[in-house]
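Visitor: Structure incoming, see below.
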Amino acid sequence: MAATQSDNRKSANVDREAPGAAPTHHLSEELLLDYAAGVTDEAVGVLIATHLTLCPVCRARADQLDALGGVMMDRLTPSPLSEDAFDRLMARLDADAPGDDAPLRHDIDMRAPGGGRDGRGGDDDALMSGGGASDAVLPRVLQRYVPARVEDIDWTPIGLGVRRFDLSITGRSRATMLYVPAGRAVPQHTHEGNEYVLVLQGAFTDCCGHFGRGDVGIADSDLDHRPVAELGQDCICLAVTDGPLRLTGLLGRAFNRFVKF
């Protein structure tokens, strides 16, 4: 069963990245607003939550949006309810209730690191990994969807040394882990929709710059790029797309028929 919103918010409140280089490519204000309002689909929410684990700048921005939303709610004038409002609400909940096997609505919140909204908590490495033998490459929220250790992921080769692992997630967007060997490139491509790529290990460069751990690259149909994993360490990313990729370049059109990226 998919993780619930409550489960992922609890993980969010205790996960944080150990001190180090902070991300320089951040989430847009629009994405953070949608996330604060709870209107992102599951795949986008997982990516945002994971980035918030790694990025103190966006955590602070998300906290500000939360606080603003709370102030606005406090200023609303309460409206009187009809006598049968509760009965009608319960009837609607019964009618809309999912089956036993249906995934629950997700809720992912990593805004307050260290176990509380003041940001104080325990050992960073243990919080990132969830304790035990988990791999600190993967923040805890991702460990609800993939094996805790990178080497235990059942990668699927998709060509040119690149491998993928699709997360079991509901909604219109698709979430995929990508493994790109150091020095290798993802074929040149554009997008029939939006693409969000979060670096978890290593780094890559493309026409938009350098992306290291915690950075988020955002692309759409206007961008045609060829990400290249930097030398020194294999690159692992979480990619979320709401439309297919379309290969470009010299052989791209031919490969589109046979290779699925």
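In this text, residue positions in the sequence shown follow full-length UniProt numbering: the first is 1, and each later residue adds one.
Here a beta-carbon is modelled for each residue, glycine too, at the ideal position from N, C-alpha and C.
All values derive from a computational prediction rather than experimental measurement.
Excluding five sequence neighbours on each side, which residues of the same chain lie with their C-beta closer than 8 Å to the C-beta of residue 28?
Guide: Excluding residues within five positions, the ones whose Cβ falls inside 8 Å are 218.
Visitor: Taking all protein chains shown into account, do 16 or more other C-beta atoms lie within 10 angstroms of the C-beta of residue 82, making it buried, or fewer, making it exposed?
Guide: exposed
Visitor: Please identify the residue among 139, 244, 157 and 224 whose C-alpha is closest to the C-alpha of residue 48.
Guide: 139
Visitor: Residue range of the alpha helix (DSSP H) that residue 35 falls in?
Guide: From DSSP, the alpha helix (DSSP H) with residue 35 extends over 29-37.
Visitor: For residue 200 versus residue 240, is the C-beta spacing smaller than 8 Å?
Guide: no
Visitor: Cutting at 6 Å between CB atoms, please list the residues of its own chain near residue 155, excluding the five before and the five after it.
Guide: Excluding positions up to five away in sequence, the list reads 163, 165 and 179.
Visitor: Helix, strand or coil for residue 9 per DSSP?
Guide: Model confidence at residue 9 stands at a pLDDT of 42, short of 50, so the residue's coordinates are unreliable and nothing is read from them.
Visitor: My guess is that residue 43 and residue 144 are in contact by the Cβ rule of under 8 Å, so how many angstroms apart are they, rounded?
Guide: In fact, because the Cβ distance is near 13 Å, the residues do not count as touching under 8 Å.
Visitor: Judging by CA-CA distance, which residue of 203, 183 and 207 is the nearest neighbour of residue 189?
Guide: 207
Visitor: Suppose you measure from the CA of residue 55 to the CA of residue 157; what does that come to, to the nearest Å?
Guide: 30 Å
Visitor: Can you give the beta carbon distance from residue 37 to residue 52, rounded, assuming they're within the 8 Å contact cut?
Guide: About 15 Å; that fails the 8 Å criterion.
Visitor: Using 10 angstroms around the beta-carbon of residue 59, count the other beta-carbons present and answer buried if the total reaches 16, otherwise exposed.
Guide: buried
Visitor: By alpha-carbon positions, which one of 50, 35 and 169 ends up nearest to residue 142?
Guide: Comparing Cα positions, the closest option is 50.
Visitor: In whole angstroms, give me the CA-to-CA distance for residue 68 and residue 80.
Guide: 25 Å
Visitor: Just reading off the alpha helix (DSSP H) that residue 51 is part of, what are its end residues?
Guide: 42-54
Visitor: When burial is assigned at 16 or more other CB atoms within 10 Å of the CB, is residue 215 buried or exposed?
Guide: buried
Visitor: Under the rule that 16 or more other beta-carbon atoms within 10 Å means buried, what is residue 85, buried or exposed?
Guide: exposed
Visitor: Please classify residue 150 as buried or exposed, where buried requires at least 16 other C-beta atoms within 10 Å of its C-beta.
Guide: buried
Visitor: Spatial neighbours of residue 220 within its chain, please: C-beta separation below 8 Å, excluding the five flanking residues on both sides.
Guide: Spatial neighbours of residue 220 in its own chain (CB-CB distance under 8 Å, excluding positions within 5 residues in sequence) are listed in chain order as 191, 193, 194 and 195.
Visitor: Give me, in chain order, the residues of the same chain whose beta-carbon lies closer than 6 Å to that of residue 187; leave out the 5 immediate sequence neighbours on both sides.
Guide: 247
Visitor: Three-state secondary structure (DSSP) at residue 231?
Guide: coil
Visitor: In this structure, what does DSSP give as the bridge partners for residue 186?
Guide: In DSSP, residue 186 forms no bridge with anything.
Visitor: So which of 235, 230, 197 and 41 has the shortest CA-CA distance to residue 176?
Guide: Considering only alpha carbons, the answer is 197.
Visitor: Determine the burial state of residue 210: buried for a count of at least 16 other Cβ atoms within 10 Å of its Cβ, exposed for fewer.
Guide: exposed
Visitor: What separation, rounded to the nearest whole angstrom, lies between the Cα atoms of residue 212 and residue 232?
Guide: A straight-line Cα-Cα distance of about 13 Å links residue 212 and residue 232.
Visitor: What residues are listed by DSSP as bridge partners for residue 209?
Guide: 206
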